[in-house]
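Shown next, in structure tokens, is the structure this report addresses.
Protein chains: 2
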Amino acid sequence: MKNMKVVALAGGVGGAKLAAGLQAVLPPGDLTVIVNTGDDFEHWGLTICPDLDTVMYNLAGIHNPETGWGLLGESFTTFGAISQLGGEDWFRLGDKDLAVHLRRSEWLRQGVSLTEVADRLRRSFGIPSNILPMSDSPVRTLVHTDEGDLPFQHYFVRRRCEPIVIDLSFVGADQARLTDAVQEALSAATLVVFCPSNPYLSLDPILCIPGVRQQLRRMAAPKIAVSPIVGGQAIKGPAAKMMRELGQASSPLTVVDHFDGLLTGFVLDDQDAVLRNAVDLPTVVTNTMMTDLESKINLAKQVLALGTELMVSPSAKIRRRSKAAS
Amino acid sequence: MKNMKVVALAGGVGGAKLAAGLQAVLPPGDLTVIVNTGDDFEHWGLTICPDLDTVMYNLAGIHNPETGWGLLGESFTTFGAISQLGGEDWFRLGDKDLAVHLRRSEWLRQGVSLTEVADRLRRSFGIPSNILPMSDSPVRTLVHTDEGDLPFQHYFVRRRCEPIVIDLSFVGADQARLTDAVQEALSAATLVVFCPSNPYLSLDPILCIPGVRQQLRRMAAPKIAVSPIVGGQAIKGPAAKMMRELGQASSPLTVVDHFDGLLTGFVLDDQDAVLRNAVDLPTVVTNTMMTDLESKINLAKQVLALGTELMVSPSAKIRRRSKAAS
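As given, the protein sequences belong to chains A and B, one line each in that order.
Under the numbering used here, the first residue of the first sequence carries the number 1, and numbering increases by one thereafter.
Under the numbering used here, the first residue of the second sequence carries the number 327, and numbering increases by one thereafter.
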């Protein structure tokens, strides 16, 4: 794993888990996670960045593995009091979590960039990896549904992903500026990992930041996606449901097609081994279910091993089933 | 107590206690408390209004009687987390209390006036009395000390009132606008009570709002102050220390002189009974130590009884010692 500079593109839980695995395997500082901020929103007068925080809490090892969001051993005293005062109570914020939102919002109002805010926070939590928002410009995912247009968190949390998705917009993405930090991380990367995050909701917003897709296309480093779809289902979240609503098969092959021209490698779950010949990319088949640190580390090793092979032989057609990386 | 419209001018703890006594005695809605906002400040990116909240929590009966600030049964989880993140931790904010600051700050940012915010909050807490900030314009008390100029909370909390006070400024008071709510409350008042709050820090800022002093001078209603100085000491806070530092005697007589021309009645504590002949105002001598609801109610009744006498006979020289009002 020496001399690998890994950039992981991540959204929420799945991405955060693989990022934690990669961090555990790589030398400190060699992982940079570029995180979706399309889910960000204003709530209680604060700027909430759910994916940045999920990645941060997972990399700090203080995340709540039961919920997939928030902190372990969290209390909800302020939340209860806000609710009693007639405040919005459809989005739960814990008391310790709230400290992060307060710090972030205060800094943002002082004119500190979100990139700098994310860096200050990850350093406070003692995280060795870099955590970069996809942009400092606000981008807000808007979900076009059969019930009308819904801001992302209203679709995701308030309406529990129940409305049928017709299309998505990333409001502000056109005007969003690629940050120096993202540009430099991509330039320095020897491997790019598309984490098993929702392709539409988590990774597309990152790819829509002007310059990101172009830079990914240009770069020589291997680009490997881990399928977020296993056995026709998303491990968590609405990815499979959205695929069907958008007229696609809920299959890893849909993921490969979706990132057409960007990927140079792919990782399938054991359950989808039969599909390996249908993927027109060097592909590893392994256990992608990250239920504990060991399985996160194992998947990370598989991804890094495939990356290493592709660096040596970029056009290699690697189709194998391995239990563990060397 | 029928047909009395009472306006109480109040700062922190002492004022809040007497306000609670007055509320307990008067018909619902007949009390309006005009509250000092010179102590307000920005903290953690939120607007904190300590005196408004102390009055509100006391009128709701949910205040912490031990500390004098904050809520009963409070936790400090977010505070601890903010501290761990390197945030400012010299001013303690409880988790439930934080809900109030979040609601208020969000509303203020939306353009809602502080008067409307205070009214929304007191209604949420089921408080029958009106709670009015002295102005919607920001006024910030600046304490000129031997250690330099200190914003109020830095003097009061961070430096624990230790620096020697040379003078005070109420920054923004010159430009502050008298609100319709304050003007109407004063116009309708049949009795004005200067609560036993710090004359310099709590009541002077209210009196410095353009129009307040003039309106008080003009009005026919009795204006009664309850001495915040008992036995040469302030019951709570730096009033006595400040009097000495400003070259005054720490005496109820200093309070009378300070409000020269505004008061028409005065309330002395039993401990200061010897001073009654030195006060050139109709004066009641009673127990002013408000240690429980009963003593708050008793003091309120004494104040209202004096007010009633002064309404009937404004020039009466009332000098008596009474144990309880009729």
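Heads up, the beta-carbon is just placed ideally off N, CA and C, and yes, glycines get one too.
| Terminal residues of the continuous alpha helix (DSSP H) containing A/F266? | Taking the first residue of the first sequence as 1, we reach residue 266 of chain A at position 266. No alpha helix (DSSP H) holds A/F266; the beta strand (DSSP E) holding it covers G265 to D269.
| message | Closer than 7 Å between beta carbons: that is the criterion. Which residues of the segment 75-93 of chain A meet it against chain B? | response | S75, T77, T78, A81, I82, L85, G86 and G87
| field | Residues that A/S202 contacts on chain B, provided the C-beta gap is smaller than 7 Å | value | Against the first sequence, residue 202 of chain A aligns to sequence position 202. Within chain B, no residue comes near A/S202; the closest Cβ sits about 26 Å away, beyond 7 Å.
| message | I believe A/V274 touches A/F266 by the beta-carbon criterion, under 8 Å. Please report the beta-carbon distance rounded to the nearest angstrom. | response | In the first sequence, residue 274 of chain A corresponds to position 274, counting from 1. In the first sequence, residue 266 of chain A corresponds to position 266, counting from 1. About 14 Å separates the two Cβ atoms, so there is no contact after all.
| Got a sec: is the Cβ-Cβ distance from A/K96 to anything in chain B below 7 Å? | Here residue 96 of chain A corresponds to residue number 96 of the first sequence, with the count starting at 1. Judged by the 7 Å Cβ criterion, A/K96 is in contact with chain B.
| field | Nearest to B/L625 (by Cα), restricted to the options B/G337, B/R539, B/G338 and B/L352 | value | Here residue 625 of chain B refers to the residue found at position 299 of the second sequence. For the residues B/G337, B/R539, B/G338 and B/L352, the minimum Cα distance to B/L625 belongs to B/L352.
| Going by other Cβ atoms of all chains shown within 10 Å of its Cβ, with 16 needed for buried, is A/G14 buried or exposed? | Within the first sequence, the letter at position 14 stands for residue 14 of chain A. It is buried - the Cβ of A/G14 has at least 16 other Cβ atoms within 10 Å.
| field | Rounded C-alpha distance that separates A/A181 from A/T115 | value | Here residue 181 of chain A refers to the residue found at position 181 of the first sequence. Here residue 115 of chain A refers to the residue found at position 115 of the first sequence. About 8 Å.
| Count the other CB atoms within 10 Å of the CB of B/I492; is the residue buried (16 or more) or exposed (fewer)? | For the purposes of this step, residue 492 of chain B is identified with residue 166 of the second sequence, where counting begins at 1. Label assigned to B/I492: exposed.
| query | Taking buried to mean at least 16 other C-beta atoms within 10 Å of its own C-beta, is A/D53 buried or exposed? | reply | Position 53 of the first sequence, counted from the first residue, corresponds to residue 53 of chain A. Buried, by the Cβ-count rule.
| task | Identify the contact partners of B/W662 in chain A, using a Cβ-Cβ distance below 7 Å as the criterion. | result | Outside the displayed span of chain B (327 to 652) sits residue 662 of chain B, for which this structure offers no information.
| message | According to DSSP, is A/F79 part of a helix, a strand, or is it coil? | response | Position 79 of the first sequence, counted from the start, is the residue given in the question as residue 79 of chain A. Reduced to three states, the DSSP call for A/F79 is helix.
| said: Do A/I131 and A/M219 count as a contact pair if the criterion is CB distance below 7 Å? | reply: Numbered from 1 along the first sequence, position 219 holds the residue referred to as residue 219 of chain A. Numbered from 1 along the first sequence, position 131 holds the residue referred to as residue 131 of chain A. Not closer than 7 Å, so no.
| Given B/G412 as reference, the closest of A/R140, A/G86, A/P151 and A/S124 once Cα atoms are compared | Numbered from 1 along the second sequence, position 86 holds the residue referred to as residue 412 of chain B. The candidate whose alpha carbon is nearest that of B/G412 is A/S124.
| task | Leaving out five residues on either side along the sequence, give the residues of the same chain with a beta carbon under 7 Å from the beta carbon of A/C161. | result | By one-based count along the first sequence, residue 161 of chain A stands at place 161. Only Y155, P238 and K241 meet the Cβ criterion.
| request: Please name the residue in B/V611, B/G364, B/Q628 and B/D596 whose C-alpha comes closest to that of B/F478. | output: Position 152 of the second sequence, counted from the first residue, corresponds to residue 478 of chain B. It is B/G364 whose Cα lies nearest to the Cα of B/F478.
| task | Express the C-alpha separation of B/D377 and B/P554 in angstroms, rounding to a whole number. | result | Translated into the one-based positions of the second sequence, residue 554 of chain B becomes position 228. Translated into the one-based positions of the second sequence, residue 377 of chain B becomes position 51. Rounded to whole angstroms, B/P554 to B/D377 spans 16 Å at the Cα level.
| Contact set for A/A19: own chain, Cβ-Cβ below 8 Å, skip 5 residues either direction | For this step, residue 19 of chain A is matched to residue 19 along the first sequence. The answer, listed in chain order, is A8, A10, L31, V33, V55, N58, L59, S129 and C195.
| said: Strictly below 8 Å CB to CB, what residues from chain B border A/R109? | reply: In the first sequence, the residue the question calls residue 109 of chain A occupies position 109. G371, listed in chain order.
| said: Buried or exposed, going by whether 16 or more other CB atoms sit within 10 Å of the CB of B/L348? | reply: Your numbering for residue 348 of chain B matches position 22 in the second sequence. It counts as buried.
| request: For the segment 435-468 of chain B, enumerate the residues whose C-beta is nearer than 9 Å to any C-beta of chain D, in chain order. | output: Among the protein chains of the structure shown, namely A and B, there is no chain D.
| request: Report yes or no: do the segment 67-79 of chain A and the segment 134-153 of chain A share at least 3 C-beta pairs separated by less than 8 Å? | output: no
| message | Counting only Cβ-Cβ distances shorter than 9 Å, please list the residues of the segment 569-592 of chain B near chain A, keeping chain order. | response | none
| task | Could you check if B/E400 is buried or exposed, using at least 16 other CB atoms within 10 Å of its CB as the buried criterion? | result | Position 74 of the second sequence holds residue 400 of chain B. Answer is buried; the Cβ neighbour count reaches 16.
| request: Using a Cβ-Cβ cut-off of 7 Å, state whether A/A60 counts as contacting chain B. | output: The count along the first sequence starts at 1 and reaches residue 60 of chain A at position 60. No - not a single Cβ of chain B is within 7 Å of the one on A/A60.
| said: Considering only the alpha carbon of each residue, which of A/W44, A/V100 and A/M290 lies closest to A/D328? | reply: Residue 328 of chain A falls outside the range modelled here, since chain A spans only 1 to 326, and no answer is possible.
| query | According to DSSP, is B/R449 helix, strand or coil? | reply | Indexing the second sequence from 1 puts residue 449 of chain B at position 123. The answer is helix: DSSP assigns B/R449 an H, G or I state.
| query | Candidates A/P282, A/P199 and A/I127: which alpha carbon is nearest A/M243's? | reply | Numbered from 1 along the first sequence, position 243 holds the residue referred to as residue 243 of chain A. Nearest option by C-alpha distance: A/P199.
| query | Is the shortest distance between the beta-carbon of A/A99 and the beta-carbons of chain B less than 7 Å? | reply | Position 99 of the first sequence, counting from 1, holds the residue named residue 99 of chain A. Judged by the 7 Å Cβ criterion, A/A99 is in contact with chain B.
| What are the partner residues of A/R140, as DSSP defines its beta bridges? | As a first step, residue 140 of chain A is located in the first sequence; it is residue number 140 there, counting from the start. Looking at the DSSP assignment, A/R140 forms a beta bridge with A/V171.
| field | Neighbour-count burial assignment, A/R103, 16 or more Cβ in a 10 Å radius | value | Walking along the first sequence from the start, residue 103 of chain A turns up at place 103. The residue is buried, with at least 16 neighbouring Cβ atoms inside 10 Å.
| Which residues in the same chain have their Cβ closer than 7 Å to the Cβ of A/V100, if we skip the five residues on either side of it in sequence? | For the purposes of this step, residue 100 of chain A is taken as the residue at position 100 of the first sequence. Contacts found: D53 and L121.
| query | For B/T441, which residues does DSSP report across the bridge? | reply | Along the second sequence, read from residue 1 onward, the residue named residue 441 of chain B stands at position 115. Beta-bridge pairing links B/T441 to no other residue.
| So what does A/V165 bridge to, in DSSP terms? | What you label residue 165 of chain A is simply residue 165 of the first sequence in a count that begins at 1. Partner(s): A/T145.
| message | For B/F520, list the residues DSSP reports as bridge partners. | response | The sequence position of residue 520 of chain B within the second sequence is 194, counting from 1. Answer is B/L335 and B/A551, bridged to B/F520.
| request: To the nearest angstrom, report how far apart B/G633 and B/G498 are at their CA atoms. | output: As a working mapping, residue 633 of chain B is identified with position 307 in the second sequence. As a working mapping, residue 498 of chain B is identified with position 172 in the second sequence. Spanning the two alpha carbons is a distance of roughly 33 Å.
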